[in-house]
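One line per chain: the protein sequences are A and B, in this order.
Letter 373 of the first sequence, counting from 1, is numbered 396 in my numbering, and no numbers are missing.
Letter 338 of the second sequence, counting from 1, is numbered 361 in my numbering, and no numbers are missing.
Just so you know, even glycine gets a beta-carbon here, dropped at the ideal spot from N, CA and C.
2 protein chains.
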Amino acid sequence: MALYKDLSKDELISLRSELTKKYEDFKKLGLKLDMSRGKPNKEQLDLSNGLLDVIVSTSDFKTVDGFDTRNYGLLLGIPEARELFAELMGVEPKNVVMYGTASLTIMYDYISQCMVMGSGGEPWMKQGRIKFLCPAPGYDRHFAILEHFGIDLIAIRMNDNGPDMDSIEELVKDSSVKGIFCVPKYSNPDGITFSDEVVRRFAALKPAANDFRVIWDNAYLVHDINDTPDELLNIFDVAKEYGSEDMFIEVCSTSKITFAGAGVSAIAASEKNIDAILSRMTVQTISHDKMNQMRHVRFFKNLDGIKAHMKKHAEILRPKFEAVTSGFTKAFEGTGIAHWKNPNGGYFVSLYVMNGCAMRVGELCKDAGLTLTTVGATYPYGIDPYDSNIRIAPSFPDIDELNKAVELLCICVKLAAVEKLLKDYKYKEWLKYDSSNI
Amino acid sequence: MALYKDLSKDELISLRSELTKKYEDFKKLGLKLDMSRGKPNKEQLDLSNGLLDVIVSTSDFKTVDGFDTRNYGLLLGIPEARELFAELMGVEPKNVVMYGTASLTIMYDYISQCMVMGSGGEPWMKQGRIKFLCPAPGYDRHFAILEHFGIDLIAIRMNDNGPDMDSIEELVKDSSVKGIFCVPKYSNPDGITFSDEVVRRFAALKPAANDFRVIWDNAYLVHDINDTPDELLNIFDVAKEYGSEDMFIEVCSTSKITFAGAGVSAIAASEKNIDAILSRMTVQTISHDKMNQMRHVRFFKNLDGIKAHMKKHAEILRPKFEAVTSGFTKAFEGTGIAHWKNPNGGYFVSLYVMNGCAMRVGELCKDAGLTLTTVGATYPYGIDPYDSNIRIAPSFPDIDELNKAVELLCICVKLAAVEKLLKDYKYKEWLKYDSSNI
Numbered sequence: 024m025a026l027y028k029d030l031s032k033d034e035l036i037s038l039r040s041e042l043t044k045k046y047e048d049f050k051k052l053g054l055k056l057d058m059s060r061g062k063p064n065k066e067q068l069d070l071s072n073g074l075l076d077v078i079v080s081t082s083d084f085k086t087v088d089g090f091d092t093r094n095y096g097l098l099l100g101i102p103e104a105r106e107l108f109a110e111l112m113g114v115e116p117k118n119v120v121m122y123g124t125a126s127l128t129i130m131y132d133y134i135s136q137c138m139v140m141g142s143g144g145e146p147w148m149k150q151g152r153i154k155f156l157c158p159a160p161g162y163d164r165h166f167a168i169l170e171h172f173g174i175d176l177i178a179i180r181m182n183d184n185g186p187d188m189d190s191i192e193e194l195v196k197d198s199s200v201k202g203i204f205c206v207p208k209y210s211n212p213d214g215i216t217f218s219d220e221v222v223r224r225f226a227a228l229k230p231a232a233n234d235f236r237v238i239w240d241n242a243y244l245v246h247d248i249n250d251t252p253d254e255l256l257n258i259f260d261v262a263k264e265y266g267s268e269d270m271f272i273e274v275c276s277t278s279k280i281t282f283a284g285a286g287v288s289a290i291a292a293s294e295k296n297i298d299a300i301l302s303r304m305t306v307q308t309i310s311h312d313k314m315n316q317m318r319h320v321r322f323f324k325n326l327d328g329i330k331a332h333m334k335k336h337a338e339i340l341r342p343k344f345e346a347v348t349s350g351f352t353k354a355f356e357g358t359g360i361a362h363w364k365n366p367n368g369g370y371f372v373s374l375y376v377m378n379g380c381a382m383r384v385g386e387l388c389k390d391a392g393l394t395l396t397t398v399g400a401t402y403p404y405g406i407d408p409y410d411s412n413i414r415i416a417p418s419f420p421d422i423d424e425l426n427k428a429v430e431l432l433c434i435c436v437k438l439a440a441v442e443k444l445l446k447d448y449k450y451k452e453w454l455k456y457d458s459s460n461i
Numbered sequence: 024m025a026l027y028k029d030l031s032k033d034e035l036i037s038l039r040s041e042l043t044k045k046y047e048d049f050k051k052l053g054l055k056l057d058m059s060r061g062k063p064n065k066e067q068l069d070l071s072n073g074l075l076d077v078i079v080s081t082s083d084f085k086t087v088d089g090f091d092t093r094n095y096g097l098l099l100g101i102p103e104a105r106e107l108f109a110e111l112m113g114v115e116p117k118n119v120v121m122y123g124t125a126s127l128t129i130m131y132d133y134i135s136q137c138m139v140m141g142s143g144g145e146p147w148m149k150q151g152r153i154k155f156l157c158p159a160p161g162y163d164r165h166f167a168i169l170e171h172f173g174i175d176l177i178a179i180r181m182n183d184n185g186p187d188m189d190s191i192e193e194l195v196k197d198s199s200v201k202g203i204f205c206v207p208k209y210s211n212p213d214g215i216t217f218s219d220e221v222v223r224r225f226a227a228l229k230p231a232a233n234d235f236r237v238i239w240d241n242a243y244l245v246h247d248i249n250d251t252p253d254e255l256l257n258i259f260d261v262a263k264e265y266g267s268e269d270m271f272i273e274v275c276s277t278s279k280i281t282f283a284g285a286g287v288s289a290i291a292a293s294e295k296n297i298d299a300i301l302s303r304m305t306v307q308t309i310s311h312d313k314m315n316q317m318r319h320v321r322f323f324k325n326l327d328g329i330k331a332h333m334k335k336h337a338e339i340l341r342p343k344f345e346a347v348t349s350g351f352t353k354a355f356e357g358t359g360i361a362h363w364k365n366p367n368g369g370y371f372v373s374l375y376v377m378n379g380c381a382m383r384v385g386e387l388c389k390d391a392g393l394t395l396t397t398v399g400a401t402y403p404y405g406i407d408p409y410d411s412n413i414r415i416a417p418s419f420p421d422i423d424e425l426n427k428a429v430e431l432l433c434i435c436v437k438l439a440a441v442e443k444l445l446k447d448y449k450y451k452e453w454l455k456y457d458s459s460n461i
């Protein structure tokens, strides 16, 4: 296959007819496919059906230290859950607080707390306009939290080893820059894991704002999909060397480990930050669901239990990721119209189509019954400056649906590229025509 | 027994020795009793142990409309839970949103939402100093939420039929008054249920602030303890007559129906308010724990199931309430040093000791091993202007402990009253001595 950009006008026109025919054939199938959200599939959820058994029974509903999990109390979470999540995040149990079903809620809450009470300085809402750094492409729900609170978003370029630290080091000199959201392992959507150097530079940051916070959203910390998993440095270990532990708020959850709709989540933070969080949490709730915490601890027993469980997820997910990436290779090799990441874990494949084509691809897919993550959503304010990135979530559809979806998507990507190139030809011709008439 | 205020100085001195001896005897027992929080006891929690059975199994984890409760989604809650809670609160399912374990979190969240996004007008945090009305004595955690957000608290006197509506109608003429917290049935701590007239006057309120909100914390809506339960008018039925539905935010939970630490909660509100709540909730979470919602629905089946269940709670609680009130009658009849409410439901007995004595009673109890709700906590800013109210939570201790606790408490109340009367004598004597020397 020749590079699309080298094709003649006639070649493009003939390619367009060919692709349009294929596209129209797909349209006739009346498909309803969805690759928009990182949702576990039924097979994955079944792995945790043991949680539905009686694992907290009428005779053993007490914590290791004899607390009745059915009643109020233990605001921090049951001791055994704090221990398990401490092991998971590589911190001490005293640095862990258990929450409800979603780490998103923890992050929302933490930002809300900073707005109302501050994070060591004046409440953020009393400091005028404030800003947050947003590695982009990134997680749309992070951006949504910031927009909700009226915080300005500054996009930071993602490099292959993590966000561009040169920009970050420069931007944090501005004291109105209050923080940054990160997915440090298998980033959403690129599947990039921050290199040791990037993690160290994070720990070494000296922001002008002494109430600057890094939200370390470790959503995919044990979510490897193959035998060459990425390794992420433990941020708190490194931060200790720089005395910067107070700068980091780490969160994780079992949403993509057990049940997405009924898991548990946790925060890891310095003792100072935990104290601040608690002073607010006391006002906010009496306790989170301790029984669900207990179910989870008993189901996994320990970190090895979680790891063994994640291997089963990997078995299910790997073929799906491979279906996507091999579909892309087959369709795009030699065309020069798309590139993508081959992540070792996480939940997404990040596809970059020809600049200026992503929205058109989204439109074409939608009209043929394939829902993608809203194009642009992976960038602050929903605007992809290159109109190029498309986040693919391969987990939910079954493999047949997925193959169909990928095939359709590739046709749309090609069609959009051809349309774009033809438009460019037209423009060039118009320029020629125009100048010959002067 | 003579009225304490009519006792001579010598009689008081001799009564003091007698009470002091009894008190010291109690102290020697090294008791550890707690009547501070409205916590269900073990026997009550056992009533809901059916929730620990497999009631959501590997073959029936889907909602009535086929949604997999294990996965993300259904932000509003599962349809059958919304239906059950709609029945419970007497509204339409479309007006109900399910939440996590605690209605306290809903209220916290709602106020937070008003601060950041407003409730129809400018965000509250952009409106300068704002105020909330607080029926007092009231629920300390309501006050804590307001204080947390820097909202000024204005105490409203509780009458026997609810908060003093004359004051409320007057105060809402000030547009910086943004709302009021209420426990309309079996109020915390007085156990008062708002009369039909009070509910109507609430519905008819015309506050100067068009973003005024009444937080209708219906915590004890089915929590009767005897055969003469109070009846509360349905606020949304009445509000409809006045077109004031948008003013009311009702919340309830199963914290004191099933498991205090692992229940479900819900909000009822007008469609306009639900829309506003959802626009925020979308940013905040992906879904609450739908499995726990399902467990609850299947455990109860319907409203009759809840009502039958509450009768069992009443059987357990009634003797405890009676132990407290009959203990009070025995100890205080004819003394004129205390009065109290005999509620038909809820979780508290509200005791009023001689003015200026409550803090001393708290101190005496504490030194003898009996923990009470912090004296003053039932008033805004923790200050009871009469230093008189003590909130008694009889649910948690067993009946023997409770009898002991009540006996000790009554001795402390008497001792504090005698001390106070002797101090008054001393003061009167000093006045006499002083004036005779002029």
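At the level of alpha carbons, what is the spacing between residue i and residue j?
| i | j | result |
| --- | --- | --- |
| I78 (chain A) | R321 (chain A) | 7 Å |
| V139 (chain A) | L35 (chain B) | 53 Å |
| V222 (chain A) | C205 (chain A) | 11 Å |
| E442 (chain B) | A299 (chain A) | 42 Å |
| I461 (chain B) | K449 (chain B) | Its pLDDT being 48, under 50, I461 (chain B) is placed unreliably in this model, and the value from its coordinates should be taken loosely. C-alpha separation (whole angstroms): 18 Å. |
| V429 (chain A) | N72 (chain B) | 48 Å |
| G328 (chain B) | L74 (chain A) | 26 Å |
| D33 (chain B) | K50 (chain B) | 25 Å |
| A391 (chain B) | L444 (chain B) | 22 Å |
| L38 (chain B) | S31 (chain B) | 10 Å |
| K324 (chain A) | N412 (chain A) | 40 Å |
| S349 (chain B) | L431 (chain B) | 14 Å |
| M304 (chain B) | A400 (chain A) | 18 Å |
| V376 (chain A) | T216 (chain A) | 22 Å |
| E1 (chain B) | P230 (chain B) | The requested residue 1 (chain B) does not occur in the structure, where chain B is confined to residues 24 to 461. |
| L244 (chain B) | L111 (chain A) | 42 Å |
| T43 (chain A) | D132 (chain B) | 51 Å |
So what does residue i bridge to, in DSSP terms?
| i | result |
| --- | --- |
| W147 (chain B) | Paired residues: none, contrary to the question. |
| I413 (chain B) | B:L374 |
| F204 (chain A) | A:I238 |
| G185 (chain B) | B:N182 |
| I177 (chain A) | A:L156 |
| I85 (chain A) | In the sequence under discussion, the amino acid at residue 85 (chain A) is Lys, which differs from the Ile named in the question. Paired residue(s): A:D91. |
Tell whether a beta-carbon distance below 7 Å holds between residue i and residue j.
| i | j | result |
| --- | --- | --- |
| G288 (chain A) | I129 (chain A) | Looking at the sequence itself, residue 288 (chain A) is Ser, so the reference to Gly does not match. Yes. |
| F344 (chain B) | P252 (chain B) | no |
| K45 (chain A) | I309 (chain A) | no |
| F235 (chain A) | K201 (chain A) | yes |
| S302 (chain B) | E268 (chain B) | no |
| I153 (chain B) | I177 (chain B) | no |
| N257 (chain B) | N367 (chain B) | no |
| Y409 (chain A) | N378 (chain A) | yes |
| T86 (chain B) | I101 (chain B) | yes |
| M58 (chain A) | I415 (chain A) | yes |
Looking at the ligand FAD, does it come within less than 6 Å of residue i, judged from the CB to the closest heavy atom?
| i | result |
| --- | --- |
| L395 (chain A) | Of ligands this structure carries none, so the ligand FAD is not represented either. |
Legend entry - Stretch pair the stretch 205-219 of chain B + the stretch 367-382 of chain B: three plus CB contacts closer than 8 Å: yes
Inset, instruction - State whether the stretch 281-301 of chain B contacts the stretch 299-319 of chain A, with contact taken as three or more CB pairs (one from each stretch) at a distance under 8 Å. - result: The stretch 281-301 of chain B is in contact with the stretch 299-319 of chain A.
Inset, instruction - Check whether the stretch 158-165 of chain B touches the stretch 181-190 of chain B, counting contact only when three or more Cβ pairs, one atom from each stretch, lie closer than 8 Å. - result: Touching, yes, given that three or more Cβ pairs across the two stretches are closer than 8 Å.
Legend entry - Inter-stretch contact (C-beta, 8 Å, three-pair minimum) for the stretch 82-91 of chain B and the stretch 262-273 of chain A: no
Inset, instruction - Please confirm if the stretch 355-362 of chain A is in contact with the stretch 25-42 of chain A, defined as three or more CB-CB distances below 8 Å between the two stretches. - result: yes
Inset, instruction - Could you name each continuous beta strand (DSSP E) segment of 3 residues or more that falls completely within the stretch 286-363 of chain B, going from the start of the chain to the end? - result: With a minimum length of 3 residues, the continuous beta strand (DSSP E) runs that stay inside the stretch 286-363 of chain B are 288-292, 361-363.
Inset, instruction - Count the C-beta pairs between the stretch 50-63 of chain A and the stretch 93-102 of chain B that are closer than 8 Å, then say yes if the count reaches three, no if not. - result: yes
Legend entry - Segments assigned alpha helix (DSSP H), at least 4 residues, entirely inside the stretch 42-73 of chain B: If we require 4 residues or more, the alpha helix (DSSP H) runs fully inside the stretch 42-73 of chain B come out as 65-69.
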